[in-house]
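Residue numbers (this note's numbering): 5 to 268.
All remarks here apply to the structure that follows.
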Amino acid sequence: MMHRSKVRGWRLVIMRAWLPIVLVSAWWIASSGSEALYFPPLQDIVTSLVDDWILGPRWRTDLLPTLANLGLGFGISVVLGTVLGLILGQWAVGRALLAPILTFFRSLPSPALIPIVLGIFGIGSSMNVALIVLGALWPTLLNAIDGVRSVDTQAREMVRSYRLSRWQAIRYVILPNAGPQLFAGYRISLQIAIILIVVSEMVGATRGLGYFVIESQQLFMVTQTWVGTILLGIVGYVLILIFVQFEKRILRWQLQMRAATGAS
Numbered sequence: 005m006m007h008r009s010k011v012r013g014w015r016l017v018i019m020r021a022w023l024p025i026v027l028v029s030a031w032w033i034a035s036s037g038s039e040a041l042y043f044p045p046l047q048d049i050v051t052s053l054v055d056d057w058i059l060g061p062r063w064r065t066d067l068l069p070t071l072a073n074l075g076l077g078f079g080i081s082v083v084l085g086t087v088l089g090l091i092l093g094q095w096a097v098g099r100a101l102l103a104p105i106l107t108f109f110r111s112l113p114s115p116a117l118i119p120i121v122l123g124i125f126g127i128g129s130s131m132n133v134a135l136i137v138l139g140a141l142w143p144t145l146l147n148a149i150d151g152v153r154s155v156d157t158q159a160r161e162m163v164r165s166y167r168l169s170r171w172q173a174i175r176y177v178i179l180p181n182a183g184p185q186l187f188a189g190y191r192i193s194l195q196i197a198i199i200l201i202v203v204s205e206m207v208g209a210t211r212g213l214g215y216f217v218i219e220s221q222q223l224f225m226v227t228q229t230w231v232g233t234i235l236l237g238i239v240g241y242v243l244i245l246i247f248v249q250f251e252k253r254i255l256r257w258q259l260q261m262r263a264a265t266g267a268s
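Quick look at the structure:
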């Protein structure tokens with residue numbers, strides 16, 4: 005059996021950081037002294053980022069509302085999708101009855117719902133959160149259903165043999181077995197939520213990162229447009245990174261089991 009050593013510590017940091025460092029350095033050098041309208045010097049972009057967002061008030065007036073709406077919408081979609089998935093995963097009749105509706109809504113592009121959601125909730129945080137929930141709910145719901153249905157027969161027999169209550173079966177058998185698929189759905193939902201918070205703020209908000217980017221673009225504030233775009237990428241990357249670490253911690257026992265059994 006081939007032994008595969010894991011790269012950790014500073015070696016892992018270097019392996020992941022060398023390409024971004026090279027690209028940023030090349031961008032810094034190539035754009036130095038640039039007078040192109042749509043490609044300002046990276047030095048100006050970094051200066052604006054530090055002055056307006058790190059040291060200035062923008063992190064409070066625009067970044068925090070974006071993160072708050074994103075967190076609320078993602079949280080509601082996760083809770084709602086998990087609960088409905090646990091119910092439908094154990095209820096064959098309900099799955100059959102709701103299958104056409106689930107197929108229709110999961111196939112509908114979330115941005116297409118913006119006019120309807122905007123008409124119902126108006127411009128503001130409620131519209132942003134509602135659009136995230138409507139778009140990010142489905143990956144969690146469908147993965148939860150598949151995760152519940154994938155619980156093996158032996159585990160179900162054990163539940164019946166020990167006469168576990170419904171809550172005990174969910175807590176000690178179903179959720180642990182469905183954990184990997186649940187977190188796969190959560191990750192996809194988070195990625196969709198990040199996209200939708202930006203889209204919703206571009207068309208239905210008076211503050212936030214998405215609003216800042218579209219406003220800067222409409223006012224031909226090119227440097228600020230670049231700042232907002234880069235900041236959106238940083239926020240998305242950091243949120244995904246935090247989620248991955250949280251997922252590893254929660255599913256650590258399964259990763260250890262796979263390592264012990266030699267599963268890939």
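Note that the Cβ used here is the ideal one computed from N, Cα and C, for glycine as well.
Quantities reported herein were computed from a predicted structural model and do not represent experimental measurements.
Helix, strand or coil at Phe43 according to DSSP, with G and I counted as helix: coil
Candidates Ser114, Val202 and Ile174, of which the one nearest Trp142 by Cα: In terms of Cα proximity to Trp142, the closest of Ser114, Val202 and Ile174 is Ser114.
Coil, strand or helix - Phe224 by DSSP: coil
Nearest-angstrom Cβ-Cβ length linking Gly214 and Ala148, presumed shorter than 8 Å: Not a contact, Cβ separation roughly 29 Å.
Per-residue burial, Gln47 [other beta carbons within 10 Å of its own, 16 or more giving buried]: exposed
Cα-Cα separation between Ile244 and Ile238, rounded to whole angstroms: Going by C-alpha positions, Ile244 is about 10 Å away from Ile238.
Straight-line gap, Ser129 to Leu168 (C-alpha atoms, nearest Å): 43 Å
From Leu84, Met131, Arg64 and Thr107, residue whose alpha carbon lies closest to that of Leu200: Met131
Cβ-based neighbour list, Gly208, same chain, cut-off 6 Å, excluding 5 preceding and 5 following: Leu122, Ile127 and Met131
Among Leu67, Ile91, Leu41 and Thr227, nearest to Leu146 - alpha-carbon criterion: Ile91
Trp171, enclosing alpha helix (DSSP H) - first and last residue: Residues Arg170 to Ala173.
Contact set for Gly77: own chain, Cβ-Cβ below 8 Å, skip 5 residues either direction: Asn132, Val133, Ala134, Leu135, Ile136, Val137, Ala140, Ala197, Leu200 and Ile201
Three CB pairs or more closer than 8 Å across the region 43 to 63 and the region 219 to 230: Segments in contact, yes.
Cβ shell of Arg99 (< 6 Å), same chain only, five flanking positions each side left out: Only Leu92 meet the Cβ criterion.
Proximity test, Ala182 beta-carbon vs the ligand COA heavy atom, cut-off 7 Å: The ligand COA is not part of this structure, which contains no ligands at all.
Pair within 8 Å by beta-carbon distance, Leu53 and Val231: A contact, by the Cβ cut-off of 8 Å.
Within 8 Å, strictly: CB atoms of Val269 and Thr144: Only positions 5 to 268 of the chain appear in the structure, and residue 269 is not among them; the question remains open.
Own chain residues within Cβ distance below 6 Å of Leu255, not counting five before or after: Gly183
Residues near Met6 by beta carbon distance below 6 Å, same chain, minus five either side: Confidence in Met6 is poor, its pLDDT being 46 and thus under 50, which makes the residue's placement too unreliable to answer from.
Beta-carbon proximity check, Asp66 vs Phe250, cutoff 8 Å: no
Residue nearest to Leu74 in terms of C-alpha spacing, selected from Leu88, Leu236 and Leu27: Leu236
Residue burial classification, Gln185 (beta-carbon count within 10 angstroms, cutoff 16): buried
Whole-angstrom distance between Trp171 and Ser111, CA atom to CA atom: 32 Å
Per-residue burial, Trp14 [other beta carbons within 10 Å of its own, 16 or more giving buried]: exposed
Gly212 classed as buried or exposed, judged by whether at least 16 other C-beta atoms fall within 10 angstroms: buried
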